[in-house]
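Protein chains in written order, with this note's numbering: chain G, 1 to 140; chain B, 1001 to 1139. Beneath this line is the structure, given in C-alpha cells, with notes to follow.
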Amino acid sequence: MNHYTLWHALVGGILIGLASLLATVLSGKIPGISGVFGRLLVAATPDKTWRAVFLFGLIGGAALSFALWQSAALFRPMRPLVVMAIAGLLVGFGTRLGGGCTSGHGVCGVGMGARDSIAATLIFMVTAMVTVFIYNRVAL
Amino acid sequence: MKAGKLVSFFLAGGLFGTGLAVSGMTDPARVIGFLDLFGAWDPALLFVMAGAVGVYGLGMLILRRAKNRNLKLPSAASSPIDRQLVIGSAIFGVGWGLGGFCPGPALANLGALRVEALLFVPAMAIGTLLAQRFFRADR
C-alpha cells in the first residue's frame, strides 16, 4: 500500500461512493460534505448530531489511514498559508451559494444524473482549471 | 437518535475519510495536478470520481428499484440551474483551484493537524456563514 497507483484512486473512490450511499440511507438526505458541515453552523438545523458524528468519523478515518499507509499520508503543500485562507473563504462561500461541492454535486448529484449537479460540477471543474492555469503563470 | 444509528454514521464518516486518504485526494499536489491540464497532468482524480460516481449511481438505482417502504431516499430531481448555482459553483472552483482543497479533504487533513487545514477550515466556516447570512444560501 505504500506505493501510490491509480488503483488507490479507484479503490478510494469506491469507498467514498459506498460511504455516501450508507450516509444517504441513514439520513434520507444527500450527504454532501459542504452541506453536512454548513448546516452544522445554522442554529435552526434540527439534526446536528448525526452531522457532527459523521464529520468526526471522516476526520478519524483519515487520521487512521494516514497512520497506516504512507501513500495516504503523502501531503505536498502547494500554496502559501495566506492563499489557503483565501481559498477556504471562497470554498465555504461558493459551495453554500451553489448548493454543493465535489461530493454533494460531484459524486451524489452526478451519480443520480441530476442536471443541476452536472452543471455545477462542470462549472467548478472549469473555473478550478482556469484558476490553476492563471495561478501558475502569475504567482512568483 | 438511537446509539446504533449514530455508530453507523460514525462508520460511514470513517469510510469516507479512509476513501479520501487512500485515493490520494487529501494531497493538494495531486488535486492541483489534475486541475493543471497544461502541466504534468495527473489523472488520479478522474479515477476517484469514476469509482465514487459509479458506486453511488448504481447503488441508488438498486435501492430505488427495491421500493422498500422503510427506506427514505432523497429526491433525484434537479433544482433549477439558476444564477446562485452558477455563480456559487464558479466561486467554489476558484477556491478549489487556489488551495487544492475541497471541503472533504480539508476536514480530513484536520486528522493530521496540518496547518493548511487548521487555517482553511475556519476560513471555510466564515465563507459558509457569509453565504448563509447574506444570500440565504441553504439549498
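All residues carry an ideal CB built from backbone N, CA and C; glycine is no exception.
Query	Result
Coil, strand or helix - Lys1005 of chain B by DSSP	helix
Proximal chain B residues relative to Val83 of chain G, where beta-carbon distance stays under 9 angstroms	Leu1098, Gly1099
CB contact check: Arg1139 of chain B to chain G, cutoff 8 angstroms	Note that Arg1139 of chain B has pLDDT 47, beneath the 50 cutoff, so the model's placement of it is unreliable and the number below is only indicative. Output row for Arg1139 of chain B: interface = yes.
Short Cβ contact (8 angstroms threshold) for Ala1141 of chain B with Phe66 of chain G	Lying outside 1001 to 1139, the shown extent of chain B, residue 1141 of chain B is not represented and no answer is given.
Residues near Leu1071 of chain B in its chain [Cβ-Cβ closer than 8 angstroms; skip 5 each side]	Leu1063
Contact check, Arg96 of chain G vs Ser20 of chain G, beta carbons under 8 angstroms	no
Distance CB(Leu18 of chain G)-CB(Leu1015 of chain B) smaller than 8 angstroms	yes
Cβ-based burial, Met1060 of chain B [other Cβ within 10 Å; buried from 16]	buried
Helix, strand or coil at Lys1067 of chain B according to DSSP, with G and I counted as helix	coil
Through-space distance from Leu122 of chain G to Asp116 of chain G, alpha-carbon basis	10 angstroms
Host alpha helix (DSSP H) of Asp47 of chain G (start-end)	Segment: none, Asp47 of chain G is in no alpha helix (DSSP H) and carries neither H nor E.
Neighbour flag for His8 of chain G against chain B, beta carbons, 8 angstroms	yes
CB contact check: Arg1114 of chain B to chain G, cutoff 8 angstroms	yes
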